[in-house]
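In my numbering, the protein residues as written are 8 to 648.
Built from N, CA and C at the ideal position, the CB exists for glycine as well.
Predicted model, so just to flag it, every value in this text is computed and none were measured.
Following: one structure in structure tokens, then a few remarks.
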Ligand code: BES
Ligand code: ZN
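See below:
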């Protein structure tokens, strides 16, 4: 067959197209596969998505949504801009969960739409249902009209009573890991990056915010509606698409930073987060420019199920970090750091989650050190290691592996401390081995090299080998990279973050435990939140009610407002049946929905028959106020026989 020039051009273009489609950069190709550090698997394939981005790829999502509080439904349409090679698949496969698909249309000119055939497959418990849309030849856009279910796993609808202001309803989304599909039909895979735009209509009094830049709204509106427009011009993984609507006000913190929250929390939040701009400057100095224009923080109502979510340009945060003394703002450092590790360089699949969270936990500590000093960093790292060791005692070995196998499982099960703290320790080990200066340069280069790409663990290993290990073979010999990434537990040579401040706390605790000094006379005046947390964790599991009374009288622990210290104290109170804390326990569990703070308390309660009863009683009251994912998690705890 004679190969004609146009055909050669076409094939070349086709090849380029598929190279561009594969999110991983060319570094990951065979030629650069490390010899001694072998990747066990190079599965770029995302087992948690039905989509077929290697054949048809969604490049842009344009949303047009109405927020219907009376029905607890988001209703509207999504126009997906697609790219595909001629002769390739004639079906676009999307992820959905509990969506009602009203119709599908396709367009070849981007303006006129004609009906398109679609089939919604059977729903899988973990993955949801695949939506297959037949593509006419030359189709460039697909429009899907749909509405969400009131039980959408990624959307929480709050009654006015569940908000701080009690007057208006509130709604927010939480898309990570695979919940975006419960409110938008799309290719819900972190490797399938998209730009997005949106118009959102809300009831008149409410404001909508999204993880995108705000634009002037100029669409049609009913008199009882307000309208908002947004644009995210940078390609992001779909799990970063986020929306909230409610009685939300704004206060600037600096030129490019500000805080959004319900009016009653605004001033408190602004004071708590006044170091935000400094944090950005510190992170930029280490890892290169902040690439997302603005950085704002949305403080959610207390039922927000997690601590924070790094939605680009607009971190979502729990109000439980408003301690009044900035002692819990490392969470902001963490979510901000995701602007580099996670949002700029993204895990290609949920197996590679540690690339997001381990790097971010490492960056978070570097930023905390830069702003609040080494002492604070050491305390937080030491607390992190303690928590990791404690959690690993109960984890199956397979889940201690950074490159964790999540096939057939809900990726939310990968949300353990292993990717966070073990991942961060690995990077700390690299820093300590190669020196801070060299390692900082390496990381800066990494963010630059993979900016706006989604990469696998194998991609990272190849980059590490080429840019840090191979150029420094003697130092490289000291770091068991294989073991860090593919084996359970911690390598023997793992760093052991230590804190001198904690040594002093332990000395005080011993004074008290040995009966040498009464609680009221201990030297605790200068203690920060971290020292209190360590003190409470350091105490023996079994304490007498009289001992607890003494602590409570000396330090007012039952009525303490700091949600982390209260959590630690309530754990001790449950374990030792300290009844004076019971009303506080009930108040705590019915007013806060953050999983990390509530789940361990239920777990402690159900260990005894009386505690179980108490847990069921409180949970009956608290459950309706929890987010769907927190409900699922606590259901598992209280239903266990
Ligand atoms: N991206 C995570 C939250 C997340 C992870 C949501 C997995 C859904 C699935 C976020 O950056 C995070 O790590 N939040 C932590 C706080 C942080 C300071 C460790 C949290 O919410 O506890
Ligand atoms: Zn994180």
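- The stretch 599-607 makes contact with the stretch 303-319: 3 or more CB pairs, one atom from each, lie closer than 8 Å.
- Taking 8 Å as the cut-off, the beta carbon of residue 504 is found no closer than this to the beta carbon of residue 407.
- Taking the Cα positions, residue 52 is about 7 Å away from residue 356.
- Counted as a single uninterrupted DSSP element, the stretch harbouring residue 273 is not any beta strand (DSSP E) but the alpha helix (DSSP H) occupying residues 273-279.
- The residue from 612, 560 and 569 with its alpha-carbon nearest to that of residue 582 is 612.
- Between residue 178 and residue 163, the C-beta spacing is below 8 Å.
- No Cβ-Cβ contact shorter than 8 Å links residue 364 with residue 342.
- Within the stretch 323-347, the complete alpha helix (DSSP H) segments of 4 residues or longer fall at 337-344, listed in chain order.
- Residue 71 carries a strand assignment under DSSP once its states are collapsed to helix, strand and coil.
- Taking C-alpha positions only, residue 568 is separated from residue 327 by approximately 9 Å.
- Remark: the shortest separation between the CB of residue 364 and any heavy atom of the ligand ZN falls under 7 Å.
- Bridge pairing for residue 217: 250 [DSSP].
- Within the same chain, Cβ atoms closer than 8 Å to the Cβ of residue 220 are found at 237, 238, 239, 240, 300, 301 and 320, the five residues on either side in sequence being excluded.
- Counting along the chain, no alpha helix (DSSP H) covers residue 80; the unbroken beta strand (DSSP E) around it starts and ends at 80-91.
- Three or more pairs of CB atoms, one per stretch, sit closer than 8 Å, so the stretch 97-111 contacts the stretch 56-69.
- The three-state secondary structure of residue 120, taken from DSSP, is coil.
- Of all C-beta pairs linking the stretch 510-520 to the stretch 364-380, fewer than three are shorter than 8 Å, placing the two stretches out of contact.
- Distances from the CB of residue 129 to the heavy atoms of the ligand BES are all 7 Å or more.
- Residue pairing of residue 102 in beta bridges, as defined by DSSP: 137 and 193.
- Judged by the Cβ position, residue 367 qualifies as a neighbour of the ligand ZN at the 7 Å threshold, a heavy atom of the ligand being closer than this.
- With at least 16 other beta carbons inside 10 angstroms of its own, residue 149 counts as buried.
- In the DSSP assignment, residue 233 is bridged to 209.
- Of the residues assessed, residue 566 falls on the exposed side of the cut-off, its CB having fewer than 16 other CB atoms within 10 angstroms.
- Residue range 635-646 is occupied by the alpha helix (DSSP H) that includes residue 642, with no beta strand (DSSP E) assigned at that position.
- Remark: C-beta atoms of residue 152 and residue 109 approach each other more closely than 8 Å.
- The beta carbon of residue 603 sits closer than 7 Å to at least one heavy atom of the ligand BES.
- Per DSSP, residue 625 lies in no beta strand (DSSP E); the unbroken alpha helix (DSSP H) holding it starts and ends at 616-629.
- Around the C-beta of residue 464, 16 or more other C-beta atoms lie within 10 Å, and the residue is accordingly described as buried.
- At least one heavy atom of the ligand ZN falls within 7 Å of the beta-carbon of residue 341.
- Here residue 122 has 110 and 112 as same chain residues with Cβ atoms under 7 Å from its own Cβ, once five neighbours each way along the sequence are excluded.
- Residue 294 is a Cβ neighbour of residue 347, given a cutoff of 8 Å.
- A Cβ-Cβ distance of about 13 Å is found for the pair residue 159 and residue 248, leaving them out of contact under the 8 Å criterion.
- CA-CA distance, residue 561 to residue 208, rounds to 52 Å.
- DSSP places residue 111 in the uninterrupted beta strand (DSSP E) bounded by 107-114.
- The straight-line gap separating the alpha-carbon atoms of residue 306 and residue 215 is approximately 13 Å.
- Sequence-distant partners of residue 324 (beyond 5 residues in either direction) whose C-beta falls short of 6 Å from its own C-beta, in its chain, are 304, 306 and 315.
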